[in-house]
Amino acid sequence: MSTKTPWWIRVPVLFFLIFGLMEFFIDSGDKPAIIEYPITQFFMLLVLMILIAIELILASIENIMFQTLSEEGKERYLEAKDKKFEWTWAKNLMKRLTKSRSIEREGEIVLDHNYDGIRELDNVLPPWWVYLFYATIVFAVVYLVRFHVIGEYDQELEYEQEVAAAQLAIEEYKRTAKDLVDASTVEFLSDESDLAAGEKIFQANCVACHMADGGGGIGPNLTDKHWILGGGIKNIFTTISEGGRDGKGMIAWKQTLKPAEMAQVASYVITLGGTTPANPKEPEGEIWVDPDAPEESNGTESETEGTAPEEMEQAVDSTEVAMN
2 MSTKTPWWIR VPVLFFLIFG LMEFFIDSGD KPAIIEYPIT QFFMLLVLMI
52 LIAIELILAS IENIMFQTLS EEGKERYLEA KDKKFEWTWA KNLMKRLTKS
102 RSIEREGEIV LDHNYDGIRE LDNVLPPWWV YLFYATIVFA VVYLVRFHVI
152 GEYDQELEYE QEVAAAQLAI EEYKRTAKDL VDASTVEFLS DESDLAAGEK
202 IFQANCVACH MADGGGGIGP NLTDKHWILG GGIKNIFTTI SEGGRDGKGM
252 IAWKQTLKPA EMAQVASYVI TLGGTTPANP KEPEGEIWVD PDAPEESNGT
302 ESETEGTAPE EMEQAVDSTE VAMN
């Protein structure tokens, strides 16, 4: 009837074992399942109550069976129950690792010379210490061969490799974390979902000054090639984020819109270029040319240069005919 492990150990061990299995099998992303899904808290509370109920039932059964014992059996049971709980396996393990002698057997290893009543024992080295010493020797040999004989890489090379790996991880994080974008890293978003989101933001915040078709009203025309503060995704993103000209330009939207939203609306504004609004406003600013765009072919100039001698020859012929 008696169990070797007390209830105050069984219940927590089983409870945390079930908790660990629940966290392992439930996919809750970065958060623990017990936080992501509050229903699991009630489940674990129910598990704890069931474990306690099982222990109470076992205690009741044990008590009923105890009452059926004879007086001699009850005495033996109580003696066994009154024994202190001991980790026998832990004691045996400690004995094997230390090989220490009991106080009763110290006389077997005591040395002959005593000083002022102080006795010295001839104990053997603890096995755990010996094994650890051997492990350090093996480690030293492996380290010596690995870094001083073979010399494939050193700490400086390892540092450079770790920095490169961390840089790749940072770039990947920046690529997926859209709200980390700024004017230096923003790129044109060509996905339909991003352009649709940009159009929605434009219709909600920008039509009062630029009209729904981008033709301009209080604000400038967004469909022509003229730009007051520069065109292109980076300049448009900066204008949306920091605002227009002081005193008469657009307000800064960086406090209202997220970086990803500003990138979406800037990409949508670029798609308005070349369209035909209903009432286009007169151009403002200067024609903006993308400095990173490839230069156009000079085919027209070459063609002009190629035909110029022919035209001059024809002119000379006409003059000669007139003189004749």
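Numbers in this note's numbering are just positions in the sequence shown, counted from 1, shifted up by 1.
Glycine is no exception: its CB is placed at the ideal position from the N, C-alpha and C atoms.
The model shown is predicted, which means the values in this text are computed figures rather than measured ones.
If you reduce the DSSP assignment to three classes, tell me which class residue i lands in.
i, result
"Lys179", "helix"
"His114", "coil"
"Glu283", "coil"
"Ile35", "helix"
"Ile288", "strand"
"Ile219", "coil"
"Arg106", "helix"
"Leu273", "coil"
"Asn299", "Low confidence applies here, because Asn299 scores a pLDDT of 47, under 50, leaving its location unreliable and the question unanswered by this model."
"Ser29", "coil"
"Val164", "helix"
Tell me which residue opens and which closes the alpha helix (DSSP H) that residue i is part of.
i, result
"Pro128", "128-145"
"His211", "208-211"
"Val50", "The displayed chain sequence assigns Met, not Val, to residue 50. From DSSP, the alpha helix (DSSP H) with Met50 extends over 40-68."
"Pro13", "8-26"
"Glu188", "That residue, Glu188, is in no alpha helix (DSSP H); it is neither H nor E in DSSP."
"Arg77", "72-83"
"Asn93", "89-99"
Using CA atoms only, rank isn't needed, just tell me which of the options is closest to residue i.
i, options, result
"Leu126", "Ala81, Asn115, Lys96, His114", "Lys96"
"Trp254", "Met263, Asp293, Leu196, Ile234", "Met263"
"Ile234", "Val290, Pro281, Gly30", "Val290"
"Val266", "Leu190, Ile10, Pro221", "Leu190"
"Ser242", "Thr224, Asp195, Gly248, Val182", "Val182"
"Pro260", "Thr277, Thr272, Met251, Thr240", "Thr240"
"Asp293", "Glu73, Gly232, Pro284", "Gly232"
"Pro7", "Phe44, Ile27, Glu56", "Glu56"
"Ile19", "Ile36, Asp31, Thr41", "Thr41"
"Arg11", "Pro281, Ile51, Phe44", "Ile51"
"Lys249", "Ile202, Ile229, Ala213", "Ile229"
"Lys201", "Lys179, Arg246, Ser268", "Ser268"
"Ala81", "Ile219, Leu47, Phe67, Val150", "Phe67"
"Lys175", "Ala165, Val164, Val187", "Val187"
"Gly21", "Asp31, Ile35, Trp9", "Ile35"
Since residue i contacts residue j with CB under 8 Å, what's their CB separation in whole angstroms?
i, j, result
"Phe16", "Leu49", "6 Å"
"Leu98", "Pro128", "6 Å"
"Thr272", "Leu196", "6 Å"
"Glu24", "Pro33", "6 Å"
"Val208", "Ile237", "Not a contact, Cβ separation roughly 17 Å."
"Ile110", "Asn124", "6 Å"
"Asn222", "Pro281", "5 Å"
"Thr224", "Gly286", "In fact, because the Cβ distance is near 13 Å, the residues do not count as touching under 8 Å."
"Glu121", "Leu112", "5 Å"
"Thr276", "Asp214", "7 Å"
"Gly218", "Cys210", "6 Å"
"Pro284", "His227", "4 Å"
Do we get a CB-CB distance below 8 Å when we pair residue i with the residues of chain B?
i, result
"Glu153", "Here chain B cannot be found, since the structure has a single protein chain."
TODO: Report the residue ranges of all alpha helix (DSSP H) runs contained in full by the region 225-270; include only those spanning at least 4 residues, in chain order.
DONE: 233-243
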